[in-house]
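Positions 101 to 646 (this note's numbering) are the ones given, in order, by the sequence shown. A short write-up of the structure that comes next.
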Amino acid sequence: MTQSVVMLLLLISATAILAREARAGSGPRWLDRLADDGAPAMLGVSAVFTLWVVWGSLDPLPIFHDEAAYLLQAQLFARGLAAAPSPPLPEFFEQAHVLVTPVLAPKYPPGFALAMVPGIWLGWPALIPLLLTGLSASLLFVLARRTAGPLVALLATVLWMMAPDNLRYRAAYFSELLSGAFWLLGWWALLRWRDSGRDRFLVAVAICAGCCAITRPLTALVYAAPIGVVVLAAVARQRRWRLLALPIVAGTLIVALLPLHNRLVTGSWRLSPYSLYTRLYLPFDVMGFGLRAGQPERELPPDLRQISEKFQAVHAGHTLGHLPATLVERAKAIEQGLSPAVPVMIGIFLLLGLAMARGPLVLGAVTALLLIVVHLLYAHTPDWTIYYLESLPVLAALASLGWSTCCHRLTEWRWSAGTAQGRNLHRIGMAAAVALLLWRFPAAMDQAASLHRANSFVTDPFHRALERVPAHSIVFVHYAGEHQAQFSLVANSPDPVQAPIWIVYDRGNDNERLLRLAPDRSPFRYLEAQRRIVPLSADPPNRNRP
Numbered sequence: 101m102t103q104s105v106v107m108l109l110l111l112i113s114a115t116a117i118l119a120r121e122a123r124a125g126s127g128p129r130w131l132d133r134l135a136d137d138g139a140p141a142m143l144g145v146s147a148v149f150t151l152w153v154v155w156g157s158l159d160p161l162p163i164f165h166d167e168a169a170y171l172l173q174a175q176l177f178a179r180g181l182a183a184a185p186s187p188p189l190p191e192f193f194e195q196a197h198v199l200v201t202p203v204l205a206p207k208y209p210p211g212f213a214l215a216m217v218p219g220i221w222l223g224w225p226a227l228i229p230l231l232l233t234g235l236s237a238s239l240l241f242v243l244a245r246r247t248a249g250p251l252v253a254l255l256a257t258v259l260w261m262m263a264p265d266n267l268r269y270r271a272a273y274f275s276e277l278l279s280g281a282f283w284l285l286g287w288w289a290l291l292r293w294r295d296s297g298r299d300r301f302l303v304a305v306a307i308c309a310g311c312c313a314i315t316r317p318l319t320a321l322v323y324a325a326p327i328g329v330v331v332l333a334a335v336a337r338q339r340r341w342r343l344l345a346l347p348i349v350a351g352t353l354i355v356a357l358l359p360l361h362n363r364l365v366t367g368s369w370r371l372s373p374y375s376l377y378t379r380l381y382l383p384f385d386v387m388g389f390g391l392r393a394g395q396p397e398r399e400l401p402p403d404l405r406q407i408s409e410k411f412q413a414v415h416a417g418h419t420l421g422h423l424p425a426t427l428v429e430r431a432k433a434i435e436q437g438l439s440p441a442v443p444v445m446i447g448i449f450l451l452l453g454l455a456m457a458r459g460p461l462v463l464g465a466v467t468a469l470l471l472i473v474v475h476l477l478y479a480h481t482p483d484w485t486i487y488y489l490e491s492l493p494v495l496a497a498l499a500s501l502g503w504s505t506c507c508h509r510l511t512e513w514r515w516s517a518g519t520a521q522g523r524n525l526h527r528i529g530m531a532a533a534v535a536l537l538l539w540r541f542p543a544a545m546d547q548a549a550s551l552h553r554a555n556s557f558v559t560d561p562f563h564r565a566l567e568r569v570p571a572h573s574i575v576f577v578h579y580a581g582e583h584q585a586q587f588s589l590v591a592n593s594p595d596p597v598q599a600p601i602w603i604v605y606d607r608g609n610d611n612e613r614l615l616r617l618a619p620d621r622s623p624f625r626y627l628e629a630q631r632r633i634v635p636l637s638a639d640p641p642n643r644n645r646p
């Protein structure tokens, strides 16, 4: 609360200091350039540079087990494969979010991994996430400028770029980066269709919704429902029902990739890899309330067992009676993910912006709120706010509109908002807010980069140790007792037979089965507690079993 008051006083002070310019009818002329065509591109490049600084590489290693699965899927697609043959003795190769039998394939829908393929071919896996961030920044500015004016657009884009959740989740391989870009691109196409009446823009809307569906199906439903209402209402007024034919065909063709992907991976058009993985490993991890009974069909290795135990507790606590508290906890986490320093102020500005929203921004607000409401059906920890990353641009725009409204009200104390002095004071107030955000930007980037490095404390020592392992080896991973399961180390190659190094579980005396299967591979053991790799014969066999 104290931080909120201090930040509010700083905003008022900065506005008051600059207000003298308004009396002379002058104002920050550089703001006029926000109407130029080059402004969205400049902000997009700035967003790419910001993310690159935080991430620190064009070839960063995955940290979370979700990222490792997405990267493996992209590597398979880059080879023209939806799945690889199951590795020998699959129980040694179990990897979070990855099927290891009857084939080797991640559980996720194909959209994000398909988009990452060009980066895999070029040897720059981070290329597509970086470009998606730049595209999202540009589209956010264009949409906010179109719906709320250039000043709100600038403030919204800067606020979005430095939001902790944005910096945290975008420096990673997560599918929300792609679905979020399609949200913005589809809204842009919808506006162009409304303004121009050209049918091709409606087809583009359908393509964006379809691409979102093969990336994050539940998020796509949330996105498509409000758009469908808007489009159907417009078509009904015009009585042009034939206009829907081509968009429906285009969207359906893209969504048809889902059953095709199912068939290529699971052998069934109707059984998705996600459903199969859930049945095999996490049968309780489904939509609904409370912990549902069910035992995994496969024996869980240590880290997957730890994941299972953690999320069973989360599901057990996710009940109808606890739903109001869950909503409050998640709302607070989302609010802090937008601006941790001043969450109370941001909340006030969000509510004010929501009250003042008109036209397309209302559609965005409804979609963002619907995303939060629908995810109430799913149990997750409040801090894992990545499920709401697509809504972050909308929240930034609403908060910026809320501050703009406050500036308008301040000008009316002295001048009419329509006078030159009133307009300039409003411009100065908005510029002061942008200046304060930019002043905090380096610290926000440094904090995000530090968090990224901190999250690498498990994976980085392991990969540095792997650099000293010769090719054609087996590394048996022996996890420390305090290992954090979200940073799993066991990982598969898109070619499990010919992979230079097999990274597998240390199963104690059971390791002999794998050694007999590959006698020409040199065996090593990674001791996570000591952060070093030793020859298997130099360390006593680990007798604990999964």
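All C-beta atoms in this analysis are idealised placements derived from N, C-alpha and C, irrespective of residue type, glycine included. In this text the structure is predicted, and so the values were computed from the model without any measurement.
When burial is assigned at 16 or more other CB atoms within 10 Å of the CB, is residue i buried or exposed?
i	result
residue 348	exposed
residue 530	buried
residue 280	buried
residue 437	buried
residue 388	exposed
residue 361	buried
residue 368	exposed
residue 49	Outside the displayed range of the chain (101 to 646) lies residue 49, so it cannot be described from this structure.
residue 619	exposed
residue 410	exposed
residue 233	buried
residue 567	exposed
residue 248	buried
residue 432	exposed
residue 528	buried
residue 420	exposed
residue 117	Because residue 117 sits at a pLDDT of 47, beneath the cut-off of 50, its placement in the model cannot be relied upon, and the point is left open.
residue 580	exposed
residue 123	Model confidence at residue 123 stands at a pLDDT of 46, short of 50, so the residue's coordinates are unreliable; what they give is reported in the following sentence. Counting Cβ neighbours within 10 Å, residue 123 comes out exposed, since fewer than 16 surround it.
residue 628	buried
residue 225	buried
residue 539	exposed
residue 423	exposed
residue 329	exposed
residue 598	exposed
residue 339	exposed
residue 428	exposed
residue 195	buried
residue 352	exposed
residue 140	buried
Along the alpha helix (DSSP H) that carries residue i, what are the first and last residues, could you check?
i	result
residue 472	460-474
residue 42	As displayed, the chain neither begins before 101 nor continues past 646, which places residue 42 out of reach and without an answer.
residue 407	402-417
residue 354	345-355
residue 140	138-155
Would you list the one or two residues that DSSP bridges to residue i?
i	result
residue 602	574
residue 635	624
Kindly indicate the opening and closing residues of the beta strand (DSSP E) around residue i.
i	result
residue 622	622-627
residue 379	Where residue 379 is concerned, there is no enclosing beta strand (DSSP E), although the alpha helix (DSSP H) it sits in stretches over 373-381.
residue 607	Run containing residue 607: none; DSSP gives neither H nor E here.
residue 597	No beta strand (DSSP E) holds residue 597; DSSP gives it neither H nor E.
Could you check if residue i belongs to the surroundings of the ligand MN, using beta carbon to heavy atom distance under 8 Å?
i	result
residue 604	Judged by which ligands are present, the structure shown has none, so any question about the ligand MN falls away.
Can you give the beta carbon distance from residue i to residue j, rounded, assuming they're within the 8 Å contact cut?
i	j	result
residue 188	residue 617	5 Å
residue 304	residue 324	Actually they are not in contact, since the Cβ atoms of residue 304 and residue 324 sit about 14 Å apart, beyond 8 Å.
residue 563	residue 161	6 Å
residue 237	residue 174	With a Cβ gap of about 23 Å, residue 237 and residue 174 do not count as contacting.
residue 459	residue 418	With a Cβ gap of about 36 Å, residue 459 and residue 418 do not count as contacting.
residue 287	residue 243	6 Å
residue 380	residue 398	5 Å
residue 574	residue 624	7 Å
residue 221	residue 256	34 Å between Cβ atoms; not a contact.
Can you list, in chain order, the stretches of the beta strand (DSSP E) that have 3 or more residues and sit fully within the segment 169-247?
203-206
Which complete alpha helix (DSSP H) runs does the segment 486-566 hold, if anything under 4 residues is left out?
492-511, 520-555, 559-566
Quick one: which unbroken beta strand (DSSP E) runs of 3-plus residues sit fully inside the segment 243-318? Chain order, please.
none
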